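Notes follow once the structure below has been shown.
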Amino acid sequence: MEFPLNPPARRPASARDGAGSKTSGANRRLAFWWRHGLAILAMLLLVGASRGGGAWAAEFDEYAVKAAYLYNFAKFVEWPPGAFADAAAPLWVCIAGDDPFGDALAALSGKTVASHPVAVRHMPATTGLEPCHIVFVSRTEQGRFKAVLAQLARLPILTVSDIGDFARAGGMIGLIEADQRIRFDINLAVARQANLKLSSHLLKLATLVE
């Protein structure tokens, strides 16, 4: 089963015009993230507690940065044969629970990972996630995220969240905010059980947990 690949709905012109001047600068910054994401992740992670690094990270909206992380994670994960119907099939990024990203994920739609166009799906009911390739579990699912992980256990689906101790609790990648930066933990054993191969370049930037 695959989700239909529909283009995102356009907002009315009146709504777009009012927001245009406010979002143009953010969109330019996001475009830079899409092109240079892993390099910037490395710089932010390695800069330590320096004042300059924290100030730079603080210029970006929290969930705009996390949206960029999701895209760059996808570029450094290899899914097993059969995870996609064909070479042109979409790579589905699903949001389980309430969507905290706002407009930040709109920039993902239409981008590609390998030959797969990225498509975003919102799944407030946290069910029917099996066709997804990446599932971001929202903080609204704090009380039931372990049930979501049990539902997806051993399926070739990359699970990501900013819920505390997510990777230690059986998720694959946990995003952690510290010192005005976003770091990430990786549970490599869980990823391997799902037949996902994570690039060594990505692993070098992460804290590995069990």
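When you line the sequence shown up against my numbering, it's residues 1 to 210, in that order.
For glycine and all other residues, C-beta sits at the position ideal for the given N, C-alpha and C.
Quick caveat, the model's predicted, so the values are computed rather than measured.
As the crow flies, the alpha-carbon of aspartate 185 is around 6 Å from that of leucine 208. Take isoleucine 95, set aside five residues on each side of it, and the residues of its chain with a beta-carbon closer than 6 Å to its own are His122, Phe136, in chain order.
Counting only residues of its own chain and dropping the five nearest sequence neighbours on each side, isoleucine 157 has a CB closer than 6 Å to the CB of Cys132, Val135. The continuous stretches of beta strand (DSSP E) do not include histidine 201, which lies in the alpha helix (DSSP H) extending over residues 200-205. Here alanine 153 carries a coil assignment [DSSP, helix/strand/coil]. With fewer than 16 neighbouring CB atoms inside 10 Å of its own CB, arginine 168 falls in the exposed class.
The Cβ-Cβ distance between isoleucine 182 and valine 93 does not fall below 8 Å. Collapsing the DSSP output to three states places valine 209 in coil. Around the beta carbon of glycine 110, fewer than 16 other beta carbons sit within 10 angstroms, so the residue counts as exposed. Buried is the label assigned to proline 90, since at least 16 other Cβ atoms lie within 10 Å of its Cβ. Between the alpha carbons of proline 100 and aspartate 61 lies a distance of about 12 Å. For alanine 74, the enclosing alpha helix (DSSP H) has its first and last residue at 62-75. Only residues of its own chain outside the window of five on either side were considered, and among them Leu38, Leu198, Ser199, His201, Leu202 have a CB closer than 8 Å to the CB of phenylalanine 76, listed in chain order.
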